[in-house]
Amino acid sequence: MKGTKGRRRFLDYPRQGREGPRRWLPSWRQWLGALSLGMLGLAGLLAVVYAKIDVPDENELAGKQATVYHWSDGSEMVSVGAVNRQNVSLDKVPDSVENAVIAAENETFYSDSGVSLKGIGRAVVSMVSGGETQGGSTITQQYVKNTYLSQDQTVTRKVREFIISLKVSNQKSKHDILRGYLNTSWFGRDSYGIEAAAHAYYGIDASELNPSQGAVLAAALKGSEQYDPGLSKANHARAVARWEWILDRQVTTGKMSKEERAKYRTFPEPRKLSKPTSQAGQTGYLIDVANKFIRARTGLTDKDLARGGYHIHTTFDKERTRRLEKAVNDVRRKEIDPKHREADEFVQFGAASVRPDDGAIVALYGGPDATKHFSNNADTSAVPAGSAFKPFVLAAALQEEAEDGEDGEDDEDRKTAPADGEQTPAEKLGGALLMGQSPPFVQAGKRVGLERIRDLAVQAGLRKESMAQLEQTFPLGTSAPSAIRMASAYTTFANGGLHQEPYAVSGMTYDSKKVPGLGRPKAEQVLDAKVAEQVSNSLRIMGWLTLGRDGGLGPEQPVAAGRTEPGDRMKSAWFIGSPSAAEPGFGPGTGAKTGKAVRPDRAPGAGDGNEPTTAVTMFRNKAGTPALLPMQGVGGAKSKLGTTLPPKVWQAYQQGS
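The opening residue of the sequence shown carries number 4 in this note's numbering; numbering runs sequentially from there.
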């Protein structure tokens, strides 16, 4: 009788003559066969797709439609016009500019097949995994995207881009592709194409660009938001570094001699940024804030927006914006006199109004004119808050006491707890706030912890990037939040500790289709409602001390306010005011939702959460000088280092007509 060892299997699969696990492991021949079969299948699929996808007609840049910005009531604010683009033939573009662009974007342009498999693969993997958009496209692919396709970041569009790029590379000469690319590319500054860019950056025709200027424009192709040197100091540094790299790269590729490279050691500064006259006054500042919100929430870029075709519905109230601008101008005219008072030179104002109930930015003042003063004073993070920051220290101290009360006290705490009728340390801090005292806030920083104070301020609405170093003076307001963020954070006190992130765009459409991602930010409870009300009580008294018993608004609408003090000796003056739902002594009623004190006889809409909180800041800044100038003497002796002027702007705004 034969043993089982010599018995033959009826089906010896998958590997004949193998035993154990090895029987199930594919051989190299099987691996090779599977790989070959897969490659044949992929090649066949590619051939089918290649045959089915035709080169479409050239698209018309969507920018030939205007992008329309709307006020909160739906009426038109401004229409940003058609694409700034003038086509030129390649013989009008200097060889040095062509060389700079090729060195920067695709040095193998004249020898490649028009596509980058590596770049396509990286982009597809990134999109499928939900990562950021990846670059790596050839000049041909970028030309195809600009000329034949949309700007959508989808796998389908990337596949079409790949196929069409192959066909275009076979059908068109490199000369025609480069000409098309240079005429359709986005360079920033509202300019499409090399001719418009030459005028936007240097005020000359493209034919007059020298190699150094051409390298700057080639750098902008990587993304003007990051490489336009006129936008910020960081941009300038990036632009200079890339400009140098592009010139050096041309030497490496043999397109420029070392002797010629040596001629270009000084960065050719472009012209100053300018805005179209349609964006004069406050309009340009409003558009900047709206676009900033759109970029953050949707991933759209300035390039996308410049193509046009969008309808953008903002939260800005036309009448409130007009009143705020008028209030600043009236106070400036009455109180600021640079011709007779040297200290009044270079005075700047910024202001923003944010609605507590939903976080909508309803008005802002960014400066005298967006076409002349480019920095948006309502959105700058360069002005220290001073004593206007102290309410956040008070809130942190009160919050800590509230949490300790909930957790219970140990024996040591009972020994140090105040006796009945005595004030707690946090309550004493409220008195120090009203008296303009600073040492108690430094002590509170040590007791509560600087990190805790910072974190609460950030949760309330200030940005972490604007927070100063955590030093002993941190509780005294060395941080520099924007007016928008200060108004937003103060709404947290007015809204019972509920913080609503500020937003500037309520909706947006493209080609009549809704653009996703612009929903109202979700509210978050960041402070105990009772703590928020305690802070608000102190701020109402502060409002009364600053503006008078009724704040100039009538006896039924007191004001909760924060401010800087003359004793701050800082280089700014602030006033943040919230028309309040109640003032101290109006009774014990509280709103169930927010914990805010309410008056039963109050008319709807009168300080019931719908009245915006408005932050007004004033500072001195000379163009080209990074440091703020001192406030001594601003507005004359009666202005107390200018601290009386922001409340006057606020009051004029509230009473304006």
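Even glycine gets a Cβ: it sits at the ideal position worked out from N, Cα and C.
With a contact defined as Cβ atoms closer than 8 angstroms, residue 381 and residue 362 miss out at about 15 angstroms. Within the same chain, and ignoring the five residues on either side of residue 222 in sequence, the residues whose Cβ sits closer than 7 angstroms to its Cβ are 107, 230, 242, 245, 246, 249. Pairing residue 526 with residue 501 gives a Cβ-Cβ distance under 8 angstroms. For residue 316, there is no enclosing alpha helix (DSSP H); the residue is found in the beta strand (DSSP E) stretching over 313-317. Secondary structure note for residue 352: its beta strand (DSSP E) is the uninterrupted segment 350-357. Residue 253 and residue 214 have their alpha carbons spaced roughly 10 angstroms apart. The same chain holds no residue with a CB closer than 6 angstroms to that of residue 428 once the five nearest residues on each side in sequence are set aside.
Annotated as distal: residue 394 and residue 570, with beta-carbon spacing of 8 angstroms or more. In this structure residue 209 is in contact with residue 95, their Cβ atoms being roughly 6 angstroms apart against a cut-off of 8 angstroms. For residue 367, the enclosing beta strand (DSSP E) starts and ends at 364-368. The three-state secondary structure of residue 527, taken from DSSP, is strand.
DSSP, read as helix, strand or coil, puts residue 513 in strand. The Cβ atoms of residue 141 and residue 114 do not sit closer than 8 angstroms to each other. Under the rule that a run must span 4 or more residues, the alpha helix (DSSP H) segments found entirely inside the stretch 221-265 read 227-230, 236-255, 261-264. In the DSSP secondary-structure assignment, residue 619 is bridged to 354, 578. Rounded to the nearest whole angstrom, the C-alpha separation of residue 87 and residue 183 is 16 angstroms. Non-local C-beta neighbours of residue 216 in its own chain, meaning closer than 7 angstroms and more than five positions away in sequence, comprise 205, 271, ordered along the chain. Judged by DSSP in its simplified three-state form, residue 377 adopts coil rather than helix or strand. Separation of residue 582 and residue 562 (C-alpha to C-alpha, rounded to the nearest whole angstrom) is 5 angstroms.
By the C-beta criterion, the stretch 334-345 is judged to be in contact with the stretch 632-651, since at least 3 inter-stretch pairs fall below 8 angstroms.
Residue 540 and residue 579 have their C-alpha atoms spaced approximately 15 angstroms apart. Checking the DSSP bridge columns, you'll see residue 565 partnered with 579.
Per DSSP, residue 82 is one residue of the beta strand (DSSP E) stretching across 79-83. For residue 551, the closest alpha carbon among the candidates 654, 441, 519 is that of 654. In summary, residue 468 is exposed, with fewer than 16 beta-carbon neighbours lying within 10 Å of its beta-carbon over all protein chains present. Under the DSSP assignment, residue 190 falls outside any alpha helix (DSSP H), being part of the beta strand (DSSP E) whose first and last residues are 189-191.
In this structure, residue 386 sits away from residue 505, with a CB-CB distance that is not shorter than 8 angstroms.
Residue environment for residue 149: buried (at least 16 other C-beta atoms within 10 angstroms of its C-beta). Assignment of residue 87 by DSSP, reduced to helix, strand and coil, places it in the strand class. Ranked by Cα distance from residue 434, the options 83, 538, 643 are led by 538. The shortest C-alpha to C-alpha distance from residue 71 to any of 172, 633, 313, 173 is the one to 313.
Contact check for residue 483 against residue 477 fails: the beta carbons are separated by 8 angstroms or more.
Excluding its 5 nearest sequence neighbours in each direction, residue 379 has C-beta neighbours in its own chain below 6 angstroms: 288, 291, 369, listed in chain order. When rounded, the separation of the alpha-carbon atoms in residue 440 and residue 77 is 47 angstroms. Relative to the Cα of residue 345, the nearest Cα in the group 507, 308, 625 belongs to 625.
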